[in-house]
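Let me begin by presenting the structure, written as structure tokens, before commenting on it.
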Amino acid sequence: MSWNQKIGKKLNKELILQQVLLKSHISRNEIIENTNLKKATVANLVKELIEEQFIVEAGKEESTGGRRSSLLKLNERAGYALGIDIGVNYLRGIVTNLDGEIVFDIQQEITDNAFENYFKKIIQMIQLLTEEVPKSPYHIIGLGVAVPGTIAMDGTIIHAPNLRWQNIDLVQQLKSYVDYPLYISNEANAGAFAEFSFIHNMQHQNMLFVSIGYGIGVGIIINGELYHGELGFSGENGHMIIQMDGKTCKCGRIGCWEAYASEYAFIQEAEKALNVTDMSIEKILPLYANDHNLQKVFTDIGHYIAIGLMNLIYTFNPSKIVIGNRITLLQNYIKKEIFHKFNSQSSSSYIMDQTEIEFSTLQDKAIVVGAALIAINQFLQPSKLGS
Ligand SMILES: [Zn+2]
Numbered sequence: 082m083s084w085n086q087k088i089g090k091k092l093n094k095e096l097i098l099q100q101v102l103l104k105s106h107i108s109r110n111e112i113i114e115n116t117n118l119k120k121a122t123v124a125n126l127v128k129e130l131i132e133e134q135f136i137v138e139a140g141k142e143e144s145t146g147g148r149r150s151s152l153l154k155l156n157e158r159a160g161y162a163l164g165i166d167i168g169v170n171y172l173r174g175i176v177t178n179l180d181g182e183i184v185f186d187i188q189q190e191i192t193d194n195a196f197e198n199y200f201k202k203i204i205q206m207i208q209l210l211t212e213e214v215p216k217s218p219y220h221i222i223g224l225g226v227a228v229p230g231t232i233a234m235d236g237t238i239i240h241a242p243n244l245r246w247q248n249i250d251l252v253q254q255l256k257s258y259v260d261y262p263l264y265i266s267n268e269a270n271a272g273a274f275a276e277f278s279f280i281h282n283m284q285h286q287n288m289l290f291v292s293i294g295y296g297i298g299v300g301i302i303i304n305g306e307l308y309h310g311e312l313g314f315s316g317e318n319g320h321m322i323i324q325m326d327g328k329t330c331k332c333g334r335i336g337c338w339e340a341y342a343s344e345y346a347f348i349q350e351a352e353k354a355l356n357v358t359d360m361s362i363e364k365i366l367p368l369y370a371n372d373h374n375l376q377k378v379f380t381d382i383g384h385y386i387a388i389g390l391m392n393l394i395y396t397f398n399p400s401k402i403v404i405g406n407r408i409t410l411l412q413n414y415i416k417k418e419i420f421h422k423f424n425s426q427s428s429s430s431y432i433m434d435q436t437e438i439e440f441s442t443l444q445d446k447a448i449v450v451g452a453a454l455i456a457i458n459q460f461l462q463p464s465k466l467g468s
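Numbering (the working numbering), first residue to last: 82 to 468.
So this is what it looks like as structure tokens:
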């Protein structure tokens, strides 16, 4: 077989696999219709994919009279991915099957933000996750790591301001510990990738994932692909100015969105209202019902989130915005305020009325699942998309 034929065969195989991924149960005839490949080519390549354990037979089509074709689906247990979410103050790790379903999930609090400390814990977490990976033909197919910072195209962490990390080549440092592919992504990009991978979101070719945790970042999907920007630094909208002469942000500038609408800002304001220290979202929530000052803090954060979202809508005109990360723990308390603020300003705005807004159904797991999905995507579709 010539080099061209080999490449052609590889691409055709990926094309077939992509069809199986796009529609969870698909017949050989549908694949032929959707790809315009020859019947014999599809038959041969499907046979190979079954032998390689990437896909499996999955019952018969519903009868519409005549012969019922057999259906194919991804063998979600052909291999497993690891995902790690490096958060400010925590580390979360998961093992997922090739459908992105979590089979093991662990979270650990971190008190010392120094990179050396995190690195030790990351290695321990990888070992722990590895022990939990079920037996499978391809075992661990990759590790995706999400970081709250700007990531260069080669995976170097250029700057993670809330962790105070700069210029860290995490890929290089992790390489001696793992023998499978590694992918480092910005946390908001990982969240966006997770949301966009859902079948119900695939029609949203232009969507945003707004990650509101300790800081704020935005993952941007444009025309069905992650938008990285010229150097990989897109989506740093936590630092767009929403208040002139306002609060000082951790980045040193004045009036950033993050200084008003992040988890950090929320906790700071809640501590002031309650006149206490050392709070967390989990500790604050039970106090909501009986404290009027605290309720005002919830209202304010909803208001500030809405203002930033409006700025994003006018910049990107997305069909959908998904709000994710730890702020989803507040969603039942602040949703009303966000939509109220929105509706009060959008009555004359066609563009805002046309934007769907929801909290991530993956809640605070979107980022870690996205990190694993980026690794899975590279394994199943190496010539498609990028992280
Ligand atoms: Zn800032």
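Beta carbons: idealized from backbone N, C-alpha and C, even for Gly.
Query                                                                                                                                                                          : Result
Taking 7 Å as the cut-off, is the C-beta of HIS320 nearer than that to any heavy atom in ligand 1?                                                                             : yes
Can you give me the Cβ contacts of TYR369 inside the same chain, cut-off strictly under 8 Å, excluding the 5 residues immediately before and after it?                         : LEU375, GLN376, PHE379 and TYR414
Provide the residue span of the beta strand (DSSP E) that contains THR177, from first to last.                                                                                 : 171 to 178
If you check the beta carbons only, do ALA456 and ALA162 fall under 8 Å apart?                                                                                                 : yes
Less than 8 Å between the CB atoms is what I'm expecting for GLY316 and GLY296, so what's the real figure, rounded?                                                            : The Cβ separation is near 11 Å, so there is no contact.
Quick one: grab the DSSP three-state call for GLU197.                                                                                                                          : helix
Give the DSSP-derived three-state secondary structure of ALA269 in the structure shown.                                                                                        : helix
Considering Cα atoms alone, identify which of VAL449, ILE438 and LEU92 is closest to ASN282.                                                                                   : ILE438
Using DSSP bridges, identify the partner residues of PHE440.                                                                                                                   : ILE404
So, with DSSP's three-state summary, where would you put VAL450?                                                                                                               : helix
Using only the heavy atoms of ligand 1, determine whether one of them is closer than 7 Å to the beta carbon of GLU339.                                                         : yes
I'd like to know whether the C-beta atoms of PHE440 and ILE404 end up nearer to each other than 8 Å.                                                                           : yes
Per DSSP, what kind of secondary structure is HIS373 in: helix, strand or coil?                                                                                                : helix
Straight-line CA distance for MET55 to ILE222?                                                                                                                                 : Outside the shown range of the chain, which is 82 to 468, sits residue 55, and nothing can be said about it.
List the whole-angstrom C-beta distance separating ALA351 from ILE365, where the pair is believed to meet the contact cut-off of C-beta under 8 Å.                             : 5 Å
Whose CA, out of PRO242, ILE402, GLY389 and ILE167, lies closest to the CA of CYS332?                                                                                          : PRO242
Measure the alpha-carbon distance for TYR308 versus ASN356 and round it to whole angstroms.                                                                                    : 42 Å
Taking the alpha-carbon of HIS106 as reference, which of GLN134, ASN458 and SER151 has the nearest alpha-carbon?                                                               : SER151
Does the beta-carbon distance from ASP166 to ALA233 come in below 8 Å?                                                                                                         : no
Taking contact to mean at least 3 C-beta pairs separated by less than 8 Å, is the region 190 to 207 in contact with the region 121 to 138?                                     : no
Classify GLU557 as buried or exposed, calling it buried when 16 or more other Cβ atoms lie within 10 Å of its own Cβ.                                                          : Only positions 82 to 468 of the chain appear in this structure, which leaves residue 557 out of reach.
Reducing DSSP to helix, strand and coil, say where TYR295 ends up.                                                                                                             : coil
Relative to the alpha-carbon of TRP469, which residue among PRO215, THR329 and VAL169 has its alpha-carbon at the smallest distance?                                           : Outside the displayed span of the chain (82 to 468) sits residue 469, for which this structure offers no information.
Measure the CB-CB distance between ILE348 and CYS337 and report whether it falls below 8 Å.                                                                                    : no
Does the beta carbon of ARG334 fall short of 7 Å from some heavy atom of ligand 1?                                                                                             : yes
Rounding to the nearest angstrom, what Cα-Cα distance links VAL123 and ILE88 in this structure?                                                                                : 16 Å
Please state whether DSSP places GLU132 in a helix, a strand or coil.                                                                                                          : helix
My output table needs one value for LYS331: the three-state DSSP class, helix, strand or coil.                                                                                 : coil
Only counting the same chain, and skipping five residues up and downstream in sequence, which positions put a Cβ closer than 6 Å to that of GLU138?                            : SER151
So for TYR395, helix, strand or coil by DSSP?                                                                                                                                  : helix
Give me, in chain order, the residues of the same chain whose beta-carbon lies closer than 7 Å to that of ALA452; leave out the 5 immediate sequence neighbours on both sides. : GLY164, ILE165, ASP166, GLY225, VAL226, ALA227, SER266 and ALA271
Within a Cβ cutoff of 7 Å, which residues of the same chain sit near PHE420, ignoring the five residues on either side of it in sequence?                                      : none
Determine, using beta carbons only, whether LEU210 and ASP180 come nearer to each other than 8 Å.                                                                              : no
Quick one: grab the DSSP three-state call for ASN424.                                                                                                                          : helix
Since ILE293 and ASN406 should fall inside the 8 Å C-beta cutoff, what is the C-beta to C-beta distance between them, to a whole number of angstroms?                          : 5 Å
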